[in-house]
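Numbering (this note's numbering), first residue to last: 79 to 455.
Each residue gets a CB set at the ideal place from its N, CA and C atoms; glycine is no exception.
Have a look at the structure below before the remarks.
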Amino acid sequence: MTTTVTQDQYAIDQPEAILSPALVVFRELVEHNIQVMLDIAGSTERLRPHCKTHKMPAVARMQLEQGITKHKCATFAEADMLADAGAKDIFLGYNLVGPNIERAVAFAARYPDVSFSVTGDDASAIKSLGEVISAAGHTIGVLLDIDPGRQRTGVPVGREARELYALIDRTAGLRAEGLHLYDGHQRQQDFGERTAAVNAEWQKVAAFRDELVEAGHPVPRIVCGGTPTFPVYAAIYDPAIELSPGTCVFHDSGYGNAFPDMDRFIPAAVVFTRVISRPTPNRVTFDVGTKAIASDPPMGKRAFFPAIPNGEQVIHNEEHLVIETPDADRWSPGDTAIAIPSHVCPTVALHDQAVVISDDKVVDHWPVTARTRCINV
Ligand SMILES: Cc1ncc(COP(=O)(O)O)c(C=O)c1O
79 MTTTVTQDQY AIDQPEAILS PALVVFRELV EHNIQVMLDI AGSTERLRPH
129 CKTHKMPAVA RMQLEQGITK HKCATFAEAD MLADAGAKDI FLGYNLVGPN
179 IERAVAFAAR YPDVSFSVTG DDASAIKSLG EVISAAGHTI GVLLDIDPGR
229 QRTGVPVGRE ARELYALIDR TAGLRAEGLH LYDGHQRQQD FGERTAAVNA
279 EWQKVAAFRD ELVEAGHPVP RIVCGGTPTF PVYAAIYDPA IELSPGTCVF
329 HDSGYGNAFP DMDRFIPAAV VFTRVISRPT PNRVTFDVGT KAIASDPPMG
379 KRAFFPAIPN GEQVIHNEEH LVIETPDADR WSPGDTAIAI PSHVCPTVAL
429 HDQAVVISDD KVVDHWPVTA RTRCINV
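In structure tokens form, the structure reads like this:
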């Protein structure tokens with residue numbers, strides 16, 4: 079990891095009181111990361127953090143308390159969680175199809191004081207959304223999802239995108255609220271190369287926005303990027319840009335390893351684990367299986383153990399992680415350690431709650447409210 083992580087940052091008084099494996103959040107480190115986010119963004123108005131990383135009302139409230147009024151999510155459960163936490167401007171950056179169209183009506187009815195918006199990239203889905211929303215007497219914002227080369231969702235800038243935006247703008251029940259630009263494929267390790275690639279895409283999107291405005295359409299916002307491209311968009315002066323990083327509020331060892339320029343963020347959510355066996359002279363087995371730490375990163379790279387920086391992760395089963403290390407004899411069953419997830423967002427979603435540490439002490443337990451699929455609507 080390029081971020082310097084010290085064991086002291088993760089000191090816990092009375093670790094014997096914590097069941098393992100446990101998601102543990104260090105409150106001061108979350109506060110630190112939110113401050114770094116604000117510093118990079120330059121102002122609260124430019125930020126629209128994605129809540130998919132934490133899924134916790136407690137963290138949403140910390141951001142609200144810092145004056146962050148705009149929020150992004152990917153599921154209705156996250157939207158519910160944000161609204162219940164007090165957010166008044168919620169962008170669900172996801173295309174609505176099937177029963178999710180009716181859920182948009184239910185959400186608009188349940189939270190009349192929330193400004194709610196979603197993405198769209200398909201004419202028939204956009205028309206269905208407009209019909210159902212206007213029949214119910216509501217309006218919602220729609221941002222056209224632009225594909226900046228990731229080829230996951232969205233349409234490239236050009237004729238089809240222009241027609242879709244015009245459709246959104248003229249459809250009853252819908253407000254044309256701008257563009258959505260998520261570019262998770264921009265993973266160049268070198269910050270200069272990443273900046274150049276993002277700027278090249280941005281030029282096209284900005285020119286497309288200018289065309290839309292000239293054609294008489296409102297384009298109030300362009301919601302851009304995730305954590306790796308956050309500082310790049312933050313450095314572009316354009317009043318329409320809203321920055322939508324998610325991961326950096328907790329940070330993780332995956333981004334810490336991949337992006338040296340992320341070194342101001344400190345991993346704030348870790349998995350607390352215990353040794354449960356010493357099966358061979360060079361092996362230590364921890365109770366942090368794939369049901370406690372995300373297994374989408376490649377085998378061997380799912381966690382960073384500050385206490386065993388050079389250990390090799392050789393077996394990862396549902397409730398077991400086996401690490402080979404020449405220092406295995408320093409470990410005994412019952413010993414505790416912390417594992418910094420390589421991918422924190424799906425790791426958080428594996429846990430019902432987080433044990434909260436402040437000033438080295440357990441001070442609270444925060445529910446991971448939006449790990450479910452359905453809360454209110
Ligand atoms: C649409 C969208 N926006 C924002 C983000 C946040 O990206 P990151 O996790 O890199 O901060 C993601 C991440 O998956 C995403 O899918």
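Classified as exposed, residue 262 has fewer than 16 neighbouring CB atoms from the shown chains inside 10 Å of its CB. Under the 10 Å beta carbon count, residue 236 is surrounded by fewer than 16 other beta carbons and is classified as exposed.
Within the chosen limit of 6 Å, ligand 1 reaches the beta carbon of residue 128 through at least one heavy atom. The Cβ atoms of residue 155 and residue 450 lie closer than 7 Å to each other. Short of 7 Å from the beta carbon of residue 257, and not among the five residues preceding or following it, lie these beta carbons of its own chain, in chain order: 221, 222, 224, 283, 287, 297 and 300. Beyond the five residues adjoining it in sequence on each side, residue 370 comes within less than 7 Å, by CB distance, of 99, 349 and 428 in the same chain, given in chain order.
When secondary structure is reduced to three states using DSSP, residue 162 falls in the helix class.
Judged by DSSP in its simplified three-state form, residue 130 adopts coil rather than helix or strand.
Distances from the CB of residue 227 to the heavy atoms of ligand 1 are all 6 Å or more.
Residue nearest to residue 280 within the set 206, 163, 215 and 234 is 234 (criterion: CA-CA distance).
Residues of the same chain with a CB within less than 7 Å of the CB of residue 421, apart from the 5 flanking positions on each side, are 330, 332, 372, 374 and 375 in chain order. When secondary structure is reduced to three states using DSSP, residue 418 falls in the strand class. Under the criterion of beta carbons closer than 8 Å, residue 171 and residue 211 do not qualify as touching, at roughly 18 Å. A contact between stretches requires three or more CB pairs, one per stretch, nearer than 8 Å, and the segment 429-437 meets this requirement with the segment 101-121. As the crow flies, the alpha-carbon of residue 404 is around 14 Å from that of residue 392.
Taking 6 Å as the cut-off, the C-beta of residue 323 counts as close to a heavy atom of ligand 1.
Membership of residue 347 in the beta strand (DSSP E) is indicated by the continuous run 347-355. Counting C-beta atoms within 10 angstroms of its own C-beta, residue 229 has fewer than 16 neighbours from the protein chains shown and is therefore classed as exposed. Distance from the C-beta of residue 243 to the nearest heavy atom of ligand 1 is not below 6 Å. The Cβ-Cβ distance between residue 139 and residue 163 falls below 7 Å. As computed with DSSP, residue 193 is found in a beta bridge with 167.
Look at residue 305: its beta carbon is less than 6 Å from one of the heavy atoms in ligand 1.
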